[in-house]
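Before any comments, here is the structure.
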Amino acid sequence: MQRIPTQLLSGVLALTLLFGLSATTLLAHHGRGATYAKNEIPLKGTVKEVLWRNPHIAIFLDVKDENGKVTTWAIEHSNVSTLARLGYSKQTLLPGMQVTVYVNPGSKGEPIGLCEKIVMADGKEIFLRGPRGAANID
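Every letter in the sequence shown is one number past the one before it in my numbering, and letter 18, counting from 1, is 221.
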């Protein structure tokens, strides 16, 4: 039986580890194209709950329609580390706060959305996604 050189074995193990980590990272991020519509709608409501966790923060917003029926929307936000770098904390959005959240709604009509912008009751915009700008958080 022939013995495998240590350097070759180390190189193969390093490459295997590198490819394994790369594949995990690539598979961990997902596209949103089929989940959310391209149009943007405003949702005015009351923050019910905020789940500060990865891979994305989730905001649950109670929205009342013109007939007084309340629907809870599940809104996908950015990840914890990105929002923390932009000045967000667990105290930025709290249950009971009145906000308007601009979202790309669920493509199949379900009450879900991808957060594009949040406007506080005083009119302050605290988050802008994409080319429109960065977060404006004090």
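We put the beta carbon where it would ideally sit given N, CA and C, even for glycine.
Give the DSSP-derived three-state secondary structure of residue i in the structure shown.
i    : result
A287 : helix
Q294 : coil
I244 : strand
D325 : coil
L331 : strand
G316 : strand
N270 : coil
N257 : coil
K311 : coil
A237 : coil
I think residue i touches residue j, with their Cβ atoms under 8 Å apart; what is that distance to the nearest whole Å?
i    : j    : result
E313 : K320 : The pair is not a contact, with the Cβ atoms about 21 Å apart (cut-off 8 Å).
H259 : S281 : 7 Å
Less than 7 Å between C-beta atoms, sequence neighbours within five positions excluded: which residues of the same chain meet that for residue i?
i    : result
Q301 : T249 and A324
If we ignore side chains and look at the alpha-carbon of each, how far apart do residue i and residue j end up?
i    : j    : result
W255 : K293 : 7 Å
A287 : P308 : 25 Å
E279 : G271 : 24 Å
A261 : A277 : 7 Å
R332 : K311 : 22 Å
G299 : L264 : 10 Å
L246 : Y291 : 20 Å
T238 : V304 : 18 Å
K241 : N257 : 24 Å
I244 : F330 : 15 Å
Go through its chain and collect everything with a Cβ distance to residue i's Cβ below 6 Å, but skip five positions before and after it.
i    : result
L296 : V250 and V253
T274 : V266 and P314
Look at the Cβ atom of residue i, then the Cβ atom of residue j, and state whether they are nearer than 8 Å.
i    : j    : result
L289 : V306 : no
Going along the chain, which residues of its own chain have a beta-carbon closer than 8 Å to the beta-carbon of residue i, five neighbours each way excluded?
i    : result
D268 : T274
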